[in-house]
Amino acid sequence: MKLTMNARKAADRTLRSLPGPSKAAAPDVDLLVVGGGPTGLATALHAVRHGLTVAVAEPRPSPVDKACGEGVMPGGVRALRALGVEPPGQAFAGIRYVRDRHRAEAVFRAGPGLGVRRTDLQAALAKAAENAGVPLLPVKVTGVTQDAHGVTAAGPDLRARWLVAADGLRSPIRRALGLDVPVPGPARYGLRRHFEVADVPDFVEVHWGSRAEAYVTPLAPDLVCVALLTAERAPYATQLAGFADLSAWLADARPVSTVRGAGPLRRSARRRVCGRVLLAGDAAGYVDALTGEGVALALAGAEALAGCLARERPDEYEAEWRRLTRSYRRLTTGLLAARRSALLARGIVPAAAWFPGLFAAAVDGVSHG
Numbered sequence: 010m011k012l013t014m015n016a017r018k019a020a021d022r023t024l025r026s027l028p029g030p031s032k033a034a035a036p037d038v039d040l041l042v043v044g045g046g047p048t049g050l051a052t053a054l055h056a057v058r059h060g061l062t063v064a065v066a067e068p069r070p071s072p073v074d075k076a077c078g079e080g081v082m083p084g085g086v087r088a089l090r091a092l093g094v095e096p097p098g099q100a101f102a103g104i105r106y107v108r109d110r111h112r113a114e115a116v117f118r119a120g121p122g123l124g125v126r127r128t129d130l131q132a133a134l135a136k137a138a139e140n141a142g143v144p145l146l147p148v149k150v151t152g153v154t155q156d157a158h159g160v161t162a163a164g165p166d167l168r169a170r171w172l173v174a175a176d177g178l179r180s181p182i183r184r185a186l187g188l189d190v191p192v193p194g195p196a197r198y199g200l201r202r203h204f205e206v207a208d209v210p211d212f213v214e215v216h217w218g219s220r221a222e223a224y225v226t227p228l229a230p231d232l233v234c235v236a237l238l239t240a241e242r243a244p245y246a247t248q249l250a251g252f253a254d255l256s257a258w259l260a261d262a263r264p265v266s267t268v269r270g271a272g273p274l275r276r277s278a279r280r281r282v283c284g285r286v287l288l289a290g291d292a293a294g295y296v297d298a299l300t301g302e303g304v305a306l307a308l309a310g311a312e313a314l315a316g317c318l319a320r321e322r323p324d325e326y327e328a329e330w331r332r333l334t335r336s337y338r339r340l341t342t343g344l345l346a347a348r349r350s351a352l353l354a355r356g357i358v359p360a361a362a363w364f365p366g367l368f369a370a371a372v373d374g375v376s377h378g
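Quick note on my numbering: the sequence shown kicks off at 10 and runs consecutively.
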């Protein structure tokens with residue numbers, strides 16, 4: 010995407026104000042973050058707290074939106090508060106699984122989660138970054154080169170000691186570095202829309218259908234996000250109609266946003282550290298949105314990554330990422346395997362209802378982030 014003349018001038022002014030000489034051999038900043046979503050902004054905020062100089066490159070105008078279930082688990086809520094970020098939203102008490110006559114619910118023991126519009130979350134983090142003095146550059150990074158001393162990002166022509174790629178599921182930087190790994194199996198996609206309703210649930214509801222899942226997340230007293238996770242390539246309305254009870258509940262609801270999609274969801278990287286370039290958030294690898302841990306994991310990963318850079322030990326980030334995501338990867342992979350079997354898929358919600366202790370333990374593990 011080409012910059013407008015005004016955007017290019019604004020970027021040039023910001024770059025001139027950065028500390029350090031703008032020479033190929035010397036860094037302009039300690040860290041350049043590519044991507045101004047929650048992962049990138051949280052990484053920048055943590056890095057600044059460690060005393061690093063940081064810039065964020067994001068060509069899209071703020072607030073940056075994307076398809077998302079918009080539920081932040083309690084661990085993520087605590088991580089946001091630790092950064093001084095408290096976006097507007099609607100608290101929810103736990104997770105409720107629904108399939109036909111079966112219901113299973115578990116309350117978070119770690120405190121409530123928060124349903125928050127993706128745009129509100131990104132805007133709150135962007136404001137915090139601005140207040141922390143982090144330059145937000147309206148530029149697109151078109152390529153990276155690195156040597157033993159730093160990374161040069163083409164596009165903004167900025168030199169940094171390290172670069173963090175927080176550029177999403179499709180991560181052009183991950184692909185350019187040859188870190189993409191082919192993922193077997195059917196692709197899954199996410200679709201999202203918002204509805205005005207008379208009353209919202211006090212839980213995030215996960216409706217299990219025969220071929221898809223529907224997530225209902227409260228965002229305000231009269232607003233919900235309804236996200237679909239599916240391997241089917243069909244319109245949102247067609248897939249929503251497969252959830253009879255949910256469709257009936259939404260029959261009189263007013264849609265207040267267009268349908269937004271994302272995917273394929275599953276992505277894999279050979280590693281998270283490639284010289285002086287590190288992958289964060291969805292760019293680092295992603296299994297699925299089934300457990301709703303995406304934002305909380307991204308925030309935890311951002312903190313760990315910044316800590317590794319502050320200690321001048323970027324290679325430690327790989328082990329930190331694996332540790333932080335281990336339970337998520339195991340649980341999500343297991344649920345996806347069950348989903349692929351018609352017999353096992355029908356038993357997920359009944360099993361959660363029959364064994365509430367196990368269901369509560371699984372939800373509690375998710376809630377801590």
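For each residue, glycine too, the CB sits at the ideal point set by N, CA and C. For clarity, every value in this text was computed on a predicted model and none was experimentally measured.
For residue 254 and residue 50, the rounded distance between their alpha carbons: 39 Å
- request: Give the secondary structure of residue 40 by DSSP, where H, G and I count as helix, E and B as strand, and everything else as coil.
  value: Here residue 40 sits in strand by DSSP.
query: Do residue 76 and residue 199 have their C-beta atoms closer together than 8 Å?
result: yes
- prompt: Near residue 269, what residues of its chain come up, given a Cβ to Cβ distance below 8 Å and the 5 sequence neighbours on each side ignored?
  reply: 74, 75, 76, 200, 201 and 202
- request: On the DSSP bridge assignment, give the partners of residue 385 in chain order.
  value: Only positions 10 to 378 of the chain appear in this structure, which leaves residue 385 out of reach.
message: On the criterion of 16 or more Cβ atoms from any shown chain inside 10 Å, does residue 80 qualify as buried, or is it exposed?
response: buried
- prompt: Taking the DSSP output, what are the residues bridged to residue 97?
  reply: Note: residue 97 sits in no beta bridge, so no partner.
Beta carbon of residue 175 nearer than 8 Å to that of residue 48: yes
query: How is residue 267 classed by DSSP in three states: helix, strand or coil?
result: coil
query: Given that a residue counts as buried once 16 or more other Cβ atoms are within 10 Å of its Cβ, and exposed if not, what is residue 353?
result: exposed
query: Using CA coordinates, which residue listed in 154, 246, 104 and 128 is at the minimum distance from residue 121?
result: 104
- request: Identify whether residue 201 lies in helix, strand or coil by the three-state DSSP scheme.
  value: strand
Segments assigned beta strand (DSSP E), at least 3 residues, entirely inside the region 51–113: 63–66, 99–101 and 103–108
message: Cutting at 7 Å between CB atoms, please list the residues of its own chain near residue 172, excluding the five before and the five after it.
response: 41, 43, 153, 160, 162, 285 and 286
query: So the beta strand (DSSP E) residue 214 belongs to, where does it begin and stop?
result: 213–217
- prompt: Should residue 158 be labelled buried (16 or more other beta-carbon atoms within 10 Å of its own) or exposed?
  reply: exposed
field: residue 227, DSSP secondary structure in three states
entry: strand
- prompt: Are the region 286–298 and the region 307–316 touching, with three or more C-beta to C-beta distances below 8 Å?
  reply: yes
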